[in-house]
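Below: one structure, written as C-alpha cells.
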Amino acid sequence: GVLDIFGFECFKMNSFEQLCINFTNERLQQFFNSFVFKLEEQLYEREGIPWDALDFPDNQDSVDILAAKTTGVFSILDEECMVPQGSDQGFCNKLIKQHKGHRRFDEIKTKPTWFVIKHFAGPVNYCTDSFLDKNKDQLSNDLIECMGGSGNEFVASLFKNDPKFVELLGPKESTEQKVGGKKKKYTVSSEFKDQLNSLMEIVDLTEPHFIRCIKPNPQNEPDRYDRKGVTEQLRYGGVLQVVQVSRAGYPVRINHQECWDDYKVIAAPQVVSGLKHIEDGKLRAQKLLEHLTQELNIPKPSHGLAWAVGKTLVFFKLPAYERIKFARLELLIKSTTLIQADWRRKKRWDMYKGIQIFTRHVQALIRGKKARADADKLRQEAAARKIQSLYMMTVARRQYRATVNRIIRIQAWRLGILGRRSAKEHRLLVSARKIQRTWLRRQKQERYKLLLRSVHVAQERWRMHYAKQQMKKLKQEAKEVGALMAKNQKAQEQAAEMRKKNEELEAQLLQLQSEKKNLQMKVKQMEDQTQDALQQLEAEKARAEEVAKKAAECAKAKLVEEALNKLKAELEEKQGMINELAAERDRYKAEHAHEIEQLERAEAKYKQLLRSSAMASVSNVSSGIVPPPAMGGITMSRGPAGSAVQTRMGGNRAPTNRNVFIQLVGHSAVGKTSLLESLIKAEDPSQLTKFNDQKPNLMSHHQVQIGDRLLKLLDCSGNMRAQHLVREWFTRSIWVFVIYDMASARTLDYALEQTKEVYNAGAKLVLLGNRFNVEQGQPMQVDIMAAKDVAAAHNGLAIETSQLIDAVKLVLSANEEAQGYPQEGAGAHDGQDAMSPDGNRKSSISVAIDSVKSWFGGAAQTTGRSSQQYVLRPSLKGTRAMKSQRSGGDFASDLTPVQELQDSESAVTCIVFGQERLHKNYILLATACKDGTVVVYRCYRTEMEMQMCAEMEFPPVDDCTPSSQANQNDHSDICVHQRLVGHSRAITSMFFSMIEDQLVTTSTDKSVRFWCIDSGDMLKVFTDSSPVTVALFQPFNPQVYVSANSNAVLHLANVANGSVLQKLKMEAEVRALKFDDSGMFLLAGTKSGSIHVLECSENSQLKFKFKVQLARQGVTCIHYVPARDGQPPCLLVNTADSNATIIDMTYGPPAGVLTNLAVRHRVRVAHSLLPLKCTYSPSGLGYLISGSEDKDVYICALGKGQNYKMQFLKYHSVPVVAVAVNMQDTLLVSADSLGKLVLWRRTDFSHSPD
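Heads up, the sequence shown is in full-length UniProt numbering, so the first residue is 1 and it goes up one at a time.
Pasting the structure below:
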C-alpha cells in the first residue's frame, strides 16, 4: 500500500491540530530511525565489522513526553478534560509542573498559556487556548439519537457501532448492567493515539520505502530555487536527520578491489610492493589502511573505529574518508601536472625530430632515387639465394633429428631391460640379508634370555645359601655372648692391672725427680762453697809469699776438683737411672694405649654383633615379616636404626619437628620418581593426578595411604644447586631413603656421601639400591657388601629392590618394633631401667642393649647447645690493643662495625643475603633503595668463617678472590658483584630463588622483575595494575610465586609466562608475606594490622583459613623462626604501633595443621612511620634484631629466663630501616634512611693471652 502523510508543521500560532500532526511525525521519524538502524545493523553484522549502537540518534524521549501513560501531554490533557471546571490555563500549569527541567520541554515565562516542545525537526511553541474544547469535541444527545434512528442503515450503523455512542443508543439491559461501573470517556487525543497505534502496528509489518517530496519554491515556477524554504522543508521533513543517521555509522562504502586500486597510489612504494602479492583482497585492503592510518595520521573518533574492513566492503567514517580522499586528490593533481609537462615536452621534441627527419628524408630521396632501382635488383638476387639455403638446411635438419630420436629410443629400451634386471637381483640380495640378520638375532636373543634366566636362578640360589650361612653364623655368635662378656671382663681386669702398674711407675718417676732436684741443690751448695774457698785463697795470697800461695792453691784445687768429680759421677748415675725409668714409662704408656685401642675395637665389634643379632631376632619374632631373599631379588641388611633401641613412638613422647615420614633423596636419574609413581599406582591411585601435577617441582609432598596408615612422603630432586634445601629436610624427616642405581657406581658414591649427612642430622637411614636397570639386563656395577657395611656403620638399613613398597613395609615393621610393648614376664627390677627418656617402657632387647652399652661405657652422650650468651658468632680475631680497650660488662664491646657501604643517598628499603652454600670464599649481599637501584655486593669470608665451613661441601664453581691477601686484616673485603638497573621507583621487596641463581624484586612502578645474579641481565618483567608491595616463591613449587598489590589483591602467578593462576581479594593491603617451614601455610600481614593465614592446597591454590588482629597499625615485616630448645615455632612481626611482637604458632589437631597464633610477648620499638624490617639470630637461645626510628639497632633475647632483655647498637645518625643476618650467624648488616650500610662482626679474644 501507499501511505501519504502530512509533514511537520510550525506556524506562528500552533494549536491542538499542530500538536497531533507533529506527534504523528515524531512516531514516523522514530519508525524511520529504527528501520535505518536495523538495516545498518544487518549490514554491519553481515560484513562482520564492529559498530556502536550509540552512534544512531533516538527520539524516544520526544515520543514519551507526548504519549506517556500518566505524565504525557495527551494524558494530562485528558485528565484536565475530566476534572470539573478544568481550564486551558490549568492544563498548561500542570504541564510546566510535571516536565520542568526536561530536555524536550520548555516554558515561555512571558506567555503563561504557552509551552514549547523540542521536536526532532526543531522547537515548536504551542498555545493551550481552546485545547480542552478541541479535545472533547462532543455532540449533543439529540443529534446522536437522531442520527442513530435514521432510516439509512449505513448512517445508523456508523453511530450504533461506535463505542462512544453505545451508552446512548444501546439496549436498555446493557445500559442497566453498566450502571455500577465506571464510564469511559472518549476524547480526540485518546482516539487519535489509538488510531495512530493501530497504524504503526500495520506499518511495522511492512517492508517500507520512503519518498520525500520537496517544493523548490512557493510560486511553483520552473528554474527557481528558494534556499530558505527548501532548508525548512528538509528540516521539517526529517531529511537532515536522515543524513545524520547515515553519517552516524560508516557513510562511505566501497569494495576491496576499489579500495586497493584507488588508494594504493598514496601508500609507500615498498609497502605496495609487499602487499600486491597478497591474493586475499580483505587482508590486502586492511594492511593498506593500517599503513595509511599511520602515514596520514588519520584521527580516531571518540568511540568506534575510523574505518573497518568487512567481508565484501570497506567502510569509512567521514573524517577518515576525507583525509584519504584529499591525500589522493593532492597526489593526482601533482601527477597530472607532471604528466602534462612530460607530454608537452615530448610533443615539442617529436615535432623537432619530425622536421629534422623530414629534411633528411627529402635529401635522401633526391640523392637515392637513382640508386634504389639498382638496390632492388641486388636485393631480389640475395633473397633468392637465402631462400634456397634455408630450405636445404631445413630438410637436412629434419632428417638428422629423426635419426637421433630412433637411436635414443633403442638405447633407452636396452638400458631399461638391464636396469630392471639389476634392480631385481639387488632386491633379492637385500631380502636375503634381512632374513639372515633376523634369524641370527633371534637365535642370539633366545640364547641370551636362556643364559639370563640361568644366571638369575644361580644368583637366587647362591644368595639364599649365603643368607642361610649368615643366619647360622649370627645365631652361633649370639650364643657366644656370654663368652665375649667374660673376655671383656678379663680385658677390663688386665686394663686395671696395667693402670695400677702405670700408677706405680709414675710414683717412682716422681720420687726420682725429687731426688734429682735434691742432688742439683747439693751441687749448687758445693759450687757456692768452692767460690767461698777461692775467695779465701785470694785473701791469703796477699799475706803469704808467692811460693807458699801457689802450693796452697794447688793443694786446695786438687781437693775441690776431686770432690767435684765425685759429685758429677753420682749425678750422671742418677740421671741414667731417670732416663731408664722414663723410657720404661713411655714403653708402658704405649703398650697401655695399644691395649686400650684393641679393647675399643673389640667393644665396637661386639656392639655391632649384638645389635645385628638383636635386630635379626626381633625381625624373626615380632611381626613375622621376613623378606624372602629369592622373590623379586630383594636382599637387606639391618642396623640398630631398625632395632628396638629407638623409643616407642606414640604415648607421651617429647615434641618433635619431624613431620615427614619418608624422604626420598639420591643422585639424579636413579629412578626415585618412577619408584614413587609405581607405589602410588599400586597403593593409592587417587593421588596419581596430584603426583603428575607436582612432577616438575624440585621438592613435592605426597600423602599416600598404605594399608590403614596415611604416610607423608617427600620426593626431592637430584639437582645439585638445590641440595642445601634437601639437607635442611633431613632434620624434619623420620626416615630418609637414599636411593642409588645398581647399574651405576657413580650414584652409589653420591649416596654414600649423603649417608653421612643423614646420620649427622639424626634421621633414620635406608640405603636403597634400585634393581630396575639390572633386571632389564644392564650389568651390576656396585659393591653391595660395601653399601651394607656403610649402612650398618651409620645405624641404617640396606635393601636392594625394584619396588618401593618393599622398603616401606620394612620401615613400617621397624617402627612397630621400635614401638614394642612391655613383656609380661618383666620383673620388678625392670621398673625404672626399662623406661625410655620420654617416659615410655622399652622392650627387653632395648634393655639388654642398654645394659651392654653401660658395661662397655658406650652409652650415648648428649651434648647441650652452645652456651654462647651474645648475638652473632665470633668471626674476627682481636688484638691486644682491642682487648685492653674493650669494657667487660658492655654487651656491644665485642660487637663492632667493621665496614661502611654507601652506593646511593636514597633510603635502603630491603637487604638480603644469598648464595651462602654455593661459594666457599664469599657470600652475596643484595641491597635495594628507594630510587629503584639494586646493588649486589660480594662479601668475602674471614679466616674464622673459612674454618667454620671447612667441613661443608660446595659445588665446583670458580670463586674469584679480590687478591691473594684477601683476609690479611682478618675481616672480609667487599666488592660490587652486579648493579641491577631497571626499576624507576622504590623497591618494596627482594628475595632469591630457591636455587639462588636469580634475584626477584618488586616495586611501586607496578612491576615484578627477575634478574640473573651472575650476568646482571633482566630475565623477565611482569606488570601489575597497581604498585606491587611484596612477593614470594612457593617453597615446593618454584614455578609459582605469590604477589600482593596496593589494591589488596593477592596474585598466584606462573613464573614461566606470568599468567595469573588465582586472584584473592583481601580486606586490606598486604605488606608482608611469609611461608612456614612446611610450605603449606602462608602468613600475610596487612595494612590494618592483621595477619591472615592462608592454606596452600594440593593444586597450589590458596585458601583462607583464619586471621588474627595483631595491632591497630600496619604490619611491615614477618620473620619465621623454627621450633628449638623446647619452644614452638614462632613469628617475629614488626608493626607500626611501636611494637615488635613474638607470636607462637600452634599446630594440630589434626597433625601438621596450623590452628592458632598466640602473642607471647611485645617488645617496644620506636616505629610509627617507616617500613622497618626485623631478622633473627640463632646464637645462644635466639635473638630478635630490629631496626628503629630512633637511630639504634634493637636486640632482644628470646630465651627462657632472659626476660626479653633489650640491648642496643649505636652507630647510625638517622633511622635504621632494615637489618639482616647471614646463615652462618657471623655477619649483621644494618641499613638506614640515607642509604648507608654498616657491617657488624663479633671479635674473638680467646687466642690472646691475658
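Using N, Cα and C, we set each Cβ at its ideal position, and we do this for glycine too.
Only a predicted model underlies this, so the values are computations on that prediction, with no experimental measurement involved.
Candidates the options, of which the one nearest residue i by Cα
| i | options | result |
| --- | --- | --- |
| residue 1083 | 109, 1130 and 1162 | 1130 |
| residue 1033 | 1046, 1050 and 1017 | 1050 |
| residue 734 | 914, 685, 808 and 753 | 808 |
| residue 19 | 684, 130 and 85 | 130 |
| residue 1100 | 1004, 697, 918 and 785 | 697 |
| residue 1047 | 1026, 384 and 1062 | 1026 |
| residue 940 | 24, 28, 1227 and 247 | 1227 |
| residue 252 | 667, 190 and 315 | 315 |
| residue 1109 | 1121, 1158 and 420 | 1158 |
| residue 561 | 527, 584 and 1090 | 527 |
| residue 1105 | 307, 391 and 1091 | 1091 |
| residue 529 | 559, 424 and 983 | 559 |
| residue 923 | 134, 973, 1121 and 881 | 973 |
| residue 1085 | 995, 442, 1112 and 446 | 1112 |
| residue 69 | 193, 159 and 695 | 193 |
| residue 929 | 918, 938, 750 and 905 | 905 |
| residue 126 | 169, 120, 134 and 116 | 116 |
| residue 1087 | 1045, 1122 and 1128 | 1045 |
| residue 952 | 992, 221 and 921 | 921 |
| residue 208 | 2, 327 and 226 | 2 |
| residue 105 | 1222, 119, 7 and 355 | 119 |
| residue 206 | 32, 353, 764 and 1200 | 32 |
| residue 29 | 60, 579, 265 and 693 | 60 |
| residue 662 | 464, 1182, 319 and 765 | 765 |
Beta-bridge partners of residue i, as assigned by DSSP
| i | result |
| --- | --- |
| residue 1192 | 1210 |
| residue 1020 | 1010 |
| residue 1119 | 1132 |
| residue 1146 | 1156 |
| residue 1037 | 1034 |
| residue 927 | 911 and 935 |
Buried versus exposed, by CB contacts within 10 Å (16 or more), residue i
| i | result |
| --- | --- |
| residue 788 | buried |
| residue 157 | exposed |
| residue 78 | buried |
| residue 462 | exposed |
| residue 521 | exposed |
| residue 996 | buried |
| residue 718 | buried |
| residue 349 | exposed |
| residue 894 | buried |
| residue 11 | exposed |
Supposed close pair residue i, residue j - CB separation, criterion 8 Å
| i | j | result |
| --- | --- | --- |
| residue 1193 | residue 1209 | 4 Å |
| residue 1177 | residue 872 | 6 Å |
| residue 676 | residue 804 | 6 Å |
| residue 759 | residue 795 | 7 Å |
| residue 24 | residue 88 | Their Cβ separation, rounded to whole angstroms, is 22 Å, which puts residue 24 and residue 88 out of contact at 8 Å. |
| residue 1179 | residue 1225 | 6 Å |
| residue 296 | residue 275 | Rounded, the Cβ-Cβ distance is 16 Å, inconsistent with contact. |
| residue 306 | residue 298 | 5 Å |
Closer than 7 Å: residue i CB and nearest the ligand ATP heavy atom
| i | result |
| --- | --- |
| residue 109 | No copy of the ligand ATP occurs in the structure displayed, which carries no ligand at all. |
Between the stretch 1232 to 1239 and the stretch 1201 to 1215, do at least 3 Cβ pairs fall closer than 8 Å? yes
Within the chosen definition, does the stretch 765 to 778 reach the stretch 975 to 989 through at least 3 CB pairs nearer than 8 Å? no
Assess, as a yes-or-no matter, whether the stretch 41 to 50 is touched by the stretch 297 to 315 under the definition of 3 or more beta carbon pairs within less than 8 Å. With the cut-off at 8 Å, the stretch 297 to 315 and the stretch 41 to 50 touch.
Counting pairs of Cβ atoms below 8 Å between the stretch 1009 to 1028 and the stretch 993 to 1001, do you hit three or more? yes
Counting beta carbon pairs with one atom in the stretch 1164 to 1183 and one in the stretch 1133 to 1143, are three or more of them shorter than 8 Å? yes
Any contact of the stretch 1185 to 1199 with the stretch 1164 to 1171, i.e. 3+ C-beta pairs under 8 Å? The stretch 1185 to 1199 vs the stretch 1164 to 1171: in contact.
Given 8 Å, three or more beta-carbon pairs between the stretch 738 to 753 and the stretch 658 to 677: Output reads yes: the stretch 658 to 677 touches the stretch 738 to 753.
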